[in-house]
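Student: My questions all concern the structure below.
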Amino acid sequence: MAFFLPLLVKTIYMAEKKEREYVISTKADSFFLDVYNVWLFIKQFFKELFSPPFEWKEIIRQCYNIGYRSLGLVSLTGFITGLVFTKQSRPSLAEFGATSWLPSLIAIAIIRALAPLVTALIAAGKVGSNIGAELGSMRVTEQIDAMEVSATNPFKFLVVTRIVATTIVVPLLAIYSGCVGMFGSYLNIAANEHISIKAFFQAAFDSISFLDIITSMIKATMFGFTIGVAGCFKGYYTTHGTQGVGRAANSAVVISMFLIFIEEMVIVQIVNSFRVTG
Amino acid sequence: MKNLRTHIDTNEAVIHIRGLEKSFGNNHVLRGVDLDVYRGENVVVLGRSGTGKSVLIKIIVGLLTADNGYVEVLGKNLSKLDIVELRELRLRIGFSFQNSALYDSMTIGENLAFPLKRNKRNLAPKEIENSINEVLEEVGLLQTINQRPSELSGGQRKRIGIARTLILKPDIMLYDEPTAGLDPITSMEINNLINEVQNDFHTSSIIITHDLTCAKITGDRLAVLLDGKFIAEGDFTEVFEHGDERIQSFYDYNFIND
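In order, the protein sequences belong to chains A and B.
Just so you know, we're using the working numbering here: the first sequence kicks off at 1 and counts up by one.
Just so you know, we're using the working numbering here: the second sequence kicks off at 1 and counts up by one.
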C-alpha cells in the first residue's frame, strides 16, 4: 500500500498535467488523492510533533477548550446511556430471573463499547465540527496565511496542538463518561432492587478484565486522533470561501463518524482474536 | 504626488525578479514579470482585478511558488531556501492583507504580541508591551489594545494589520489593496500611514492597488500589470503619458468625476 498509493497518485497528477480527464474515474482519482494527502498530513503531524519548539501552552488551552467545554454534553449522554440501557435490558433478563447480572452486563457494554463510542461520536459532532469550522474560517480569511508570513509555523500552532488535545482529551472524556454511565445504571438498578453502590460496582468490575480497559482506552485514543485529524485536515485545506467553511465542518463530522465506526469494527475483531487465543 | 526620492538607494535592489511565471491550471496569470524594488522605495503595482497583482506579492513572501523565473529577496534566492531559511527571511518582510487577516479569537494586544512571542521567545513581557504600545502609537490606535477585531471599523483593522507587521521591524512591506473598501477619508489616512511607515521604519514597499489616488500619494514608482506582464513603468505622470489606451482607460475610470 505504501508503495502503491504514491505511485497511483503520481500517475493521477501526471494525467492532470497532460490534461487527461481521469485515470480510473474522476471520483476514484479524487478519493485516492485525498487518501494520499491525508497520509502526507499525518506524516507532517508526526514530524512537527517531535520537533521543538513545543507549544505546551496552546496544547493545554486546547485541552481545556475541547475537554472542559464538552463535559456537560458528555455527562448528559453518558448518564442517559447508562440509565436507558439498564432500563431496556432489565425486562429481557427478568424473564430468565437474571436481573442480578445487570451490573456485569452494563459494565461490559459501557466499558467495552458504549463509553468510548458514544463519547467519540459526541466529540466528533461537537469538537470535530468546531475545529473544521474554526480552521476553515481562518483559512478563508487569510489568518493562516498571516501566521505563515509572520514566520510562525501555522501547522504546528493550529494543527498539531488540536490533534494532540483531542488525542489526550477524548480518552479522558470516555473514562468520565463510563463512570457517569455506570452511575446512571446504578440509579436505575437501585430504584428497583436493594443494592448498595459498593456491591453494584463490585459485581460490575468482576466481569471486566484488564484487556477490556486497555482496549477501551486504545479505542478512545484512536477515536480522538481521528477526530483531530479529520477536523484539522478539512479545516486547514478549506477552499471556496464561507461555503467551504460549512462544508469543512460538515465533512469533518461525517468522516470522523465513519472512521470511528470502521476503527471500532477493526479493533473489536483484533481484540476478539486475542480473547479467543487467550 | 510624492516628490522626495532622496531616501531611495538605486544601487541596492531588495527585490529582484526576472521572468516570473505562474499559472493556475490553464489560467496563465504571470507571463514573464521583471521587477526591481530598491532600498527605501515604494513601488505601486497597478492593474485590474484578476491580473495577478496579489499573486506576485504572495510569491515574494513564499506563500505561493513560481512556476518559472528568478526571485531574489534581500539577497536570497527564494527557490533555494528551505522552510527554516524562508521563515527567517519572512521576519524581515511585512505583509498587510487585503482583509487585514487579524486573529478573531485574540484581542488587538494579543494579535500584536503573537508574532513577537513566537519569534523572539527571549523577550521579557515588559519589552513586548513596549513594542505593542510603540506600533499602536504609530498607527494612532493605542486605545484599541483590549478590543477584539470585530469591534473595529474596516480602516482601524487595516491600521492594526499594518501595526502587526511593523512590530517585527521589517525591511520590506507588502501591501495588498490597502485602501480597498474604505471611504476616501480613511483611504487618505491609510495612504499617509504608508508614507509614514516608509519614513519612520525605512522600509521598501510594494503596494498592490487599483486606486490611483493611493498610487499617486504612496508610489515613488508605478508599474502597470496587464496580461501577465508589466506594460508600463515610471512615476505617475510617465505612466499615464505612456499613450497606451488600456492604461488611459484605467485613469479615466478612476478619475471619472474630474
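For each residue, glycine too, the CB sits at the ideal point set by N, CA and C.
All values reported here derive from a predicted model rather than from experimental measurement.
1) Spell out the partners DSSP gives B/L30 in its beta bridges.
2) Taking any Cβ of chain B, which residues in the region 145-157 of chain A have a Cβ under 7 Å from it, in chain order?
3) If I measure Cβ to Cβ from A/F155 and keep anything under 7 Å in the same chain, skipping five residues before and after, which residues do I get?
4) Would you tell me roughly how many angstroms separate the C-alpha atoms of B/D36 and B/I231, rounded to the nearest one?
5) Between the Cα of A/M265 and the Cα atoms of A/R112, A/T26, A/F79, A/E142, which residue gives the shortest distance?
6) Going by other Cβ atoms of all chains shown within 10 Å of its Cβ, with 16 needed for buried, is A/G228 buried or exposed?
7) Quick one: which residues of the region 120-142 of chain B get their C-beta closer than 9 Å to a C-beta of chain A? List them in chain order.
8) If we cut at 8 Å on Cβ distances, does B/N257 have a partner in chain A?
9) How big is the Cα-Cα spacing for B/E151 and A/V140?
10) Can you list, in chain order, the residues of its chain whose CB lies under 7 Å from that of B/H242, leaving out five sequence neighbours each side?
11) Using a beta-carbon distance below 8 Å, is A/Q202 in contact with chain B?
12) Would A/Q62 pass as an interface residue toward chain B - the criterion being a Cβ-Cβ separation below 8 Å?
13) For A/Y186, report the span of its alpha helix (DSSP H) as first-last.
14) Starting from B/G69 and walking both ways along the beta strand (DSSP E), at which residues does that stretch end?
15) Output needed for B/S96: all residues of its chain with C-beta closer than 8 Å, excluding positions within five of it in sequence on either side, in chain order.
16) Look at the alpha carbon of A/P171 and the alpha carbon of A/I218, and state the distance between them as a whole number of angstroms.
17) Would you say B/I15 lies against chain A (beta-carbon separation less than 8 Å)?
18) Just checking: is the beta-carbon of A/E142 within a distance shorter than 8 Å of some beta-carbon in chain B?
19) Can you tell me where the beta strand (DSSP E) with B/D176 in it begins and where it stops?
20) To the nearest angstrom, how far is it from the Cα of B/L212 to the Cα of A/L173?
21) Measuring straight from C-alpha to C-alpha, what distance separates B/N11 and A/T11?
22) If you run the structure through DSSP and keep just helix, strand and coil, what is B/A124?
23) Could you pull out every unbroken beta strand (DSSP E) segment of at least 3 residues lying fully inside the region 71-123 of chain B, listed in chain order?
24) So that I know if they touch, is there some Cβ in chain D lying closer than 8 Å to that of B/N27?
25) Please report how far the alpha carbon of A/I122 lies from the alpha carbon of A/P53, in whole angstroms.
26) For the putative contact between A/T161 and A/E58, defined by C-beta atoms under 8 Å, what is the C-beta separation to the nearest angstrom?
27) Should B/V43 and B/I217 be called a contact, given that it needs their Cβ atoms to be closer than 8 Å?
28) Would you say B/R118 reaches chain A, if we count a Cβ-Cβ gap shorter than 8 Å as a contact?
29) If the criterion is Cβ atoms closer than 8 Å, does the pair A/G235 and A/I131 meet it?
30) Helix, strand or coil: which one does DSSP assign to B/T209?
31) If you count every other CB in all the chains shown that lies within 10 Å of the CB of A/M182, and 16 or more means buried, which is it?
32) Less than 8 Å between the CB atoms is what I'm expecting for B/D227 and B/E138, so what's the real figure, rounded?
33) For A/F31, does the count of other Cβ atoms within 10 angstroms reach 16, so buried, or fall short, so exposed?
34) Can you give me the Cβ contacts of A/L114 inside the same chain, cut-off strictly under 6 Å, excluding the 5 residues immediately before and after it?
35) For B/V61, go through chain A and note every residue whose CB falls closer than 7 Å to its CB, in chain order.
Tutor: Reading off the structure:
1) Residue mapping note: residue 30 of chain B aligns to position 30 of the second sequence, counting from 1. For B/L30, which the question treats as bridged, DSSP gives the partners B/K22.
2) D145, A146, E148, V149, S150, A151, T152
3) On the first sequence, residue 155 of chain A is found 155 positions in, with the first residue counted as 1. Contacts found: Q44, E48.
4) By 1-based counting over the second sequence, the position of residue 36 of chain B is 36. By 1-based counting over the second sequence, the position of residue 231 of chain B is 231. Roughly 15 Å between the two C-alpha positions.
5) If you number the first sequence from 1, residue 265 of chain A lands on position 265. Among A/R112, A/T26, A/F79, A/E142, the Cα nearest to that of A/M265 is on A/R112.
6) Working through the first sequence from its first residue, we reach residue 228 of chain A at position 228. Buried, because 16 or more other Cβ atoms sit within 10 Å of the Cβ of A/G228.
7) R121
8) Here residue 257 of chain B refers to the residue found at position 257 of the second sequence. In this prediction, B/N257 has a pLDDT of 46, which is less than 50 and means its spatial position is unreliable; what the coordinates show is noted afterwards. No, B/N257 lies away from the interface with chain A (no Cβ there is under 8 Å from its Cβ).
9) As a working note, residue 151 of chain B is residue 151 in the second sequence. As a working note, residue 140 of chain A is residue 140 in the first sequence. Rounded to whole angstroms, B/E151 to A/V140 spans 20 Å at the Cα level.
10) Position 242 of the second sequence, counting from 1, holds the residue named residue 242 of chain B. Counting only Cβ-Cβ distances below 7 Å, and skipping sequence neighbours, we find A232.
11) The residue labelled residue 202 of chain A in the question sits at position 202 within the first sequence. By this cut-off, A/Q202 is not an interface position.
12) For the purposes of this step, residue 62 of chain A is identified with residue 62 of the first sequence, where counting begins at 1. Cβ-Cβ to chain B under 8 Å: no for A/Q62.
13) By 1-based counting over the first sequence, the position of residue 186 of chain A is 186. Residues 161-192.
14) The count along the second sequence starts at 1 and reaches residue 69 of chain B at position 69. Residues 68-73.
15) In the second sequence, counting from the first residue as 1, residue 96 of chain B sits at position 96. Excluding positions up to five away in sequence, the list reads K158, G161, I162, T165, M173, L174, Y175, D176, P178.
16) Counted from its first residue, the first sequence places residue 171 of chain A at position 171. Counted from its first residue, the first sequence places residue 218 of chain A at position 218. Cα-Cα distance, rounded: 8 Å.
17) Residue numbering aside, residue 15 of chain B sits at position 15 when the second sequence is read from its first letter. Chain A contact via Cβ: absent.
18) Sequence index remark: in the first sequence, residue 142 of chain A carries index 142 (1-based). Yes, contact with chain B.
19) Indexing the second sequence from 1 puts residue 176 of chain B at position 176. Note, B/D176: beta strand (DSSP E), 172-176.
20) In the second sequence, counting from the first residue as 1, residue 212 of chain B sits at position 212. In the first sequence, counting from the first residue as 1, residue 173 of chain A sits at position 173. Approximately 58 Å between the Cα atoms of the pair.
21) Stepping through the second sequence from its first residue, residue 11 of chain B is reached at position 11. Stepping through the first sequence from its first residue, residue 11 of chain A is reached at position 11. Taking the straight line joining both Cα atoms gives about 48 Å.
22) The residue you call residue 124 of chain B lines up with position 124 of the second sequence. Residue state, collapsed to three classes: coil.
23) 93-96
24) Here the protein chains are A and B, and chain D is not one of them.
25) Here residue 122 of chain A refers to the residue found at position 122 of the first sequence. Here residue 53 of chain A refers to the residue found at position 53 of the first sequence. Between A/I122 and A/P53, the C-alpha separation is close to 32 Å.
26) What you label residue 161 of chain A is simply residue 161 of the first sequence in a count that begins at 1. What you label residue 58 of chain A is simply residue 58 of the first sequence in a count that begins at 1. So it is a contact: roughly 4 Å between Cβ atoms.
27) Within the second sequence, residue 43 of chain B is the residue found at index 43, counting from 1. Within the second sequence, residue 217 of chain B is the residue found at index 217, counting from 1. Result no, Cβ atoms of B/V43 and B/I217 do not sit closer than 8 Å.
28) As a first step, residue 118 of chain B is located in the second sequence; it is residue number 118 there, counting from the start. By this cut-off, B/R118 is an interface position.
29) The sequence position of residue 235 of chain A within the first sequence is 235, counting from 1. The sequence position of residue 131 of chain A within the first sequence is 131, counting from 1. Result yes, Cβ atoms of A/G235 and A/I131 sit closer than 8 Å.
30) Taking the first residue of the second sequence as position 1, residue 209 of chain B is located at position 209. Strand, per DSSP.
31) Working through the first sequence from its first residue, we reach residue 182 of chain A at position 182. Classification of A/M182: buried, given that the 10 Å Cβ count is 16 or more.
32) One-based indexing of the second sequence puts residue 227 of chain B at position 227. One-based indexing of the second sequence puts residue 138 of chain B at position 138. The Cβ separation is near 38 Å, so there is no contact.
33) Taking the first sequence and counting its residues from 1, one reaches residue 31 of chain A at position 31. Looking at its Cβ environment, which holds fewer than 16 other Cβ atoms inside 10 Å, A/F31 is exposed.
34) Translated into positions along the first sequence, residue 114 of chain A becomes position 114. These residues qualify, in order along the chain: T81.
35) Taking the first residue of the second sequence as position 1, residue 61 of chain B is located at position 61. Those are V149, listed as they occur along chain A.
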